[in-house]
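Worksheet: the structure to be examined is printed underneath.
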Amino acid sequence: MKLNIKLFAGLTCSNPDLTCVGQSDFYLEVAEPLTILGLRTILGINPAIPLLCMVNHRHEQEDRVLADNDRVAMFPPIGGG
1363 MKLNIKLFAG LTCSNPDLTC VGQSDFYLEV AEPLTILGLR TILGINPAIP LLCMVNHRHE
1423 QEDRVLADND RVAMFPPIGG G
């Protein structure tokens, strides 16, 4: 299964076992279907950081199961004044 990943606001792949380590815009091939939370774990993104997740331009919860060719975007909530 191939996924198109885009990470924003300083997020990058933090898993040193992946070729995308340090990148924020990349494709990732995974062998089995997984959830957004599973993808987050594979990428090594700290689970304590709250994230907004978009799949194919739609807001999704972290329990959503991903499919081949999904476009996944993750970013921390942004606030300001």
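Taking the working numbering as reference, the numbering of the sequence shown is continuous, increasing by one, and the terminal residue is 1443.
Every residue gets a Cβ at the ideal spot worked out from N, C-alpha and C, and that includes glycine.
These numbers were taken from a predicted model, which means no experiment stands behind them.
- Bounds of the beta strand (DSSP E) holding residue 1367 are 1364-1369.
- Residues 1432, 1433 of the same chain have their beta carbon placed closer than 7 Å to that of residue 1418, with the five preceding and five following residues left out of the count.
- Nearest neighbour of residue 1437 by Cα position, chosen from 1407, 1426, 1364, 1429, turns out to be 1407.
- The continuous alpha helix (DSSP H) containing residue 1401 extends over residues 1398-1405.
- The three-state reading of DSSP puts residue 1435 in strand, counting E and B together.
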